[in-house]
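Worksheet: the structure to be examined is printed underneath.
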Amino acid sequence: MSPRDDIPDLRGLDGEGSVQVQLDENDKIEGAKVFAVYGKGGIGKSTTSSNLSAAFSMLGKRVLQIGCDPKHDSTFTLTGSLVPTVIDILKDVDFHAEELRPEDFVFEGFNGVKCVEAGGPPAGTGCGGYVVGQTVKLLKQHHLLDDTDVVIFDVLGDVVCGGFAAPLQHADQAIVVTANDFDSIYAMNRIIAAVEAKSKNYKVRLAGCVANRSRETNEVDRYCERSGFRRLAHMPDLDAIRRSRLKKKTLFEMPEEADVLHARGEYLRLAQSLWTGMDPVSPHSLPDREIFELLGFD
Numbered sequence: 003m004s005p006r007d008d009i010p011d012l013r014g015l016d017g018e019g020s021v022q023v024q025l026d027e028n029d030k031i032e033g034a035k036v037f038a039v040y041g042k043g044g045i046g047k048s049t050t051s052s053n054l055s056a057a058f059s060m061l062g063k064r065v066l067q068i069g070c071d072p073k074h075d076s077t078f079t080l081t082g083s084l085v086p087t088v089i090d091i092l093k094d095v096d097f098h099a100e101e102l103r104p105e106d107f108v109f110e111g112f113n114g115v116k117c118v119e120a121g122g123p124p125a126g127t128g129c130g131g132y133v134v135g136q137t138v139k140l141l142k143q144h145h146l147l148d149d150t151d152v153v154i155f156d157v158l159g160d161v162v163c164g165g166f167a168a169p170l171q172h173a174d175q176a177i178v179v180t181a182n183d184f185d186s187i188y189a190m191n192r193i194i195a196a197v198e199a200k201s202k203n204y205k206v207r208l209a210g211c212v213a214n215r216s217r218e219t220n221e222v223d224r225y226c227e228r229s230g231f232r233r234l235a236h237m238p239d240l241d242a243i244r245r246s247r248l249k250k251k252t253l254f255e256m257p258e259e260a261d262v263l264h265a266r267g268e269y270l271r272l273a274q275s276l277w278t279g280m281d282p283v284s285p286h287s288l289p290d291r292e293i294f295e296l297l298g299f300d
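Each position in the sequence shown, counted from 1, maps to that position plus 2 in the numbering used here.
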């Protein structure tokens, strides 16, 4: 017998060329609506995720936000602090997960939103997907998903490798945060391609995009028209949003100025639309050359 005879053929199970570990049936999140938030690094995914979580909570929903970034600042404005990560807490108990209690890694934020920071391995080592998987296992073992209506995964940057595509295995819908510029839309196009690959074998579908920190949306809308994608919301480049980060607060805790009220309303409208449910879209990612021709410089 050849040493390679026992190696399973994984081609095509999780996208062409992928050899990812498959999702354990016991780790599926059931009973909650699950959203994964993606986008270019620094585009405002954590701000968007936290305010969206706050908006869901204002609608009376029980919300859990899971940060999937080694920076562990996803839930910063919900909790008002940088909370310990699951991976750091596991290290403290020599990875004996049975020694952990829920209060060791789940923290309550604004309006009762439950907050978890998965964290990640040191730079250049390990797999972020493993950390996400262990976090979901812990939450299920402690029955912390049983009383949850909405789960939001806030995912690292625009990395679309197998590791940080892991939340897509759990998600019902993926939301992409973008800006009205070429680099952000280019990253969005790559993310759409990744979700397209995942959707062949998982339930995840694309909900649409949020145009963030943008005065206009013309370039985003042009891309959506060409690719068959959809813009869900528009968050202008408001100083109030920057100030809310500095104050470690969501927009729902800021003084009721006109621009704050407008942004709150947009988040509430988005949360209600996602909760009510909308038909998913099936865009096609564009070839690089086509994006350059559509949005690139003359």
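Don't be surprised by glycine CBs; every beta carbon is placed ideally from N, CA and C.
In this text, all values refer to a predicted model and were calculated from it rather than measured experimentally.
query                                                                                                        : result
Residues near VAL65 in its chain [Cβ-Cβ closer than 6 Å; skip 5 each side]                                   : SER55, PHE58, SER59, VAL115 and VAL152
Outcome for VAL88 when other beta-carbon atoms lying within 10 angstroms are tallied against a minimum of 16 : buried
Where GLY267 falls: helix, strand or coil (DSSP)                                                             : helix
Backbone CA spacing between TYR40 and ASP71 [nearest angstrom]                                               : 11 Å
Alpha-carbon spacing of GLY267 relative to GLY122, whole angstroms                                           : 34 Å
Simplified DSSP state of ASP261, which is helix, strand or coil                                              : helix
Candidates GLU221, LEU276, ILE177 and LYS30, of which the one nearest LYS47 by Cα                            : ILE177
Cα-Cα separation, VAL283 to LYS251                                                                           : 33 Å
Which residues DSSP lists as bridging ALA56, in chain order                                                  : Paired residues: none, contrary to the question.
For ILE177, three-class secondary structure by DSSP                                                          : strand
Any non-hydrogen atom of the ligand NAD within 6 Å of GLY43 CB                                               : The model depicted lacks the ligand NAD and carries no ligand whatsoever.
Three or more C-beta pairs below 8 Å linking the segment 29 to 38 and the segment 136 to 143                 : yes
TYR188 versus ALA38 - alpha carbon distance                                                                  : 19 Å
Alpha carbon of HIS236 to alpha carbon of LEU170, nearest angstrom                                           : 24 Å
Own chain, CB closer than 6 Å to THR81, minus 5 neighbours either side, in chain order                       : PHE109, GLY111 and CYS117
From ASN203, GLY44 and ALA181, residue whose alpha carbon lies closest to that of ARG217                     : ALA181
Test item: CB-CB of GLU119 and VAL85 under 7 Å                                                               : yes
HIS236 - DSSP class collapsed to helix/strand/coil                                                           : strand
Cβ-Cβ distance between VAL212 and LEU234 below 7 Å                                                           : yes
Secondary structure of LYS1, DSSP reduced to three states                                                    : Look at the range of the chain in this structure, 3 to 300, and you will see that residue 1 is not part of it.
Burial state of THR52 (16 or more Cβ within 10 Å)                                                            : Reading off the sequence, residue 52 comes out as Ser, not Thr. Classification for SER52: buried.
Same chain, Cβ closer than 6 Å to MET3, five either side skipped, listed in chain order                      : In this prediction, MET3 has a pLDDT of 49, which is less than 50 and means its spatial position is unreliable; nothing more can be read from the coordinates.
Integer-rounded CB distance, given that THR77 should sit under 8 Å from GLY69                                : 6 Å
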